[in-house]
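Be aware that the sequence shown starts at 40, since it is given in the numbering used here, and climbs by one per residue. We treat Cβ as the ideally placed atom computed from N, Cα and C, and that holds for glycine. Read through the structure below, which is laid out as structure tokens, and then see the notes.
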Amino acid sequence: MPVIVDRRMREQITHEQPLFPITCFENELSELPNREGPLHWHPDFEIARATVGVLDYQVGREHIRLEPGDSILVNGNLLHGVRQVSGGDPDPMPIILFPGELIAPETGAVYQKYIAPIADCASLPFVVFRRQEDWCSEVHCLLDEVFHALNRREDCYEMVVQRDLNRLFEILFRRLDA
């Protein structure tokens, strides 16, 4: 699916299920010219993974090199784009986009105490989860489960996705709070 942006560079995303607002893309780079996604922004969190190639993820003015197996979480409302810089075939690059409200209601204690500090943190435009770093191993297992659940959509997949994203944000919050 091509990246469609308006004149303000906001990506036009319509979540498939408004009551469970998460969108999963895969193989998007194969459809984009030069395997490059244009600079854009959206209010949702974005999590992407380099699978077989090396990706250059640009967030604001910073370029982050993702090696195969690395993942990145990009905070909402930030200009970002991606370009594949190596690999013979287009990287499948699974991506999920979701609002913080998918994890907990915006007016609730969980969102206010744990999600908002991450979402509203101007000094945290992104977090990279490197495959070789020990603290990231659980995050990668959680993301594997999320991508699998979203692709298969078996019974209770929404609960699996919400549980795993909740745990990911718990890990992230504890890591940032340390």
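Going by CA-CA distance only, name the one from L68, D45, A89, H81 that's closest to H54.
-> As a working note, residue 54 is residue 15 in the sequence shown. That would be H81, whose Cα lies nearest to the Cα of H54.
DSSP-derived helix/strand/coil call for I210 | Position 171 of the sequence shown holds residue 210. It is helical.
Among V167, P138, V93, which has the Cα closest to the Cα of I111?
-> Locating residue 111 in the sequence shown gives position 72, counting from the first residue. Among V167, P138, V93, the Cα nearest to that of I111 belongs to V167.
So G238 packs on S125, CB below 8 Å; how close in whole Å?
-> A query on residue 238 cannot be resolved here, the shown segment of the chain reaching from 40 to 217 and no further.
Same chain, Cβ closer than 8 Å to Y196, neighbours up to 5 away in sequence not counted = Here residue 196 refers to the residue found at position 157 of the sequence shown. Once the five neighbours on either side are set aside, the close Cβ partners of Y196 are A188, L189.
Out of P144, I86, F59, point me to the one whose CA is closest to L182's CA.
-> The residue labelled residue 182 in the question sits at position 143 within the sequence shown. That would be I86, whose Cα lies nearest to the Cα of L182.
Using DSSP with H/G/I as helix, E/B as strand and the rest coil, what is I135?
-> Reading the sequence shown from its first residue, position 96 is the one you call residue 135. I135 falls in the strand class under three-state DSSP.
For I135 and C34, believed in contact at Cβ under 8 Å, the rounded distance | Past the edges of the chain, shown from 40 to 217, lies residue 34, and the structure says nothing about it.
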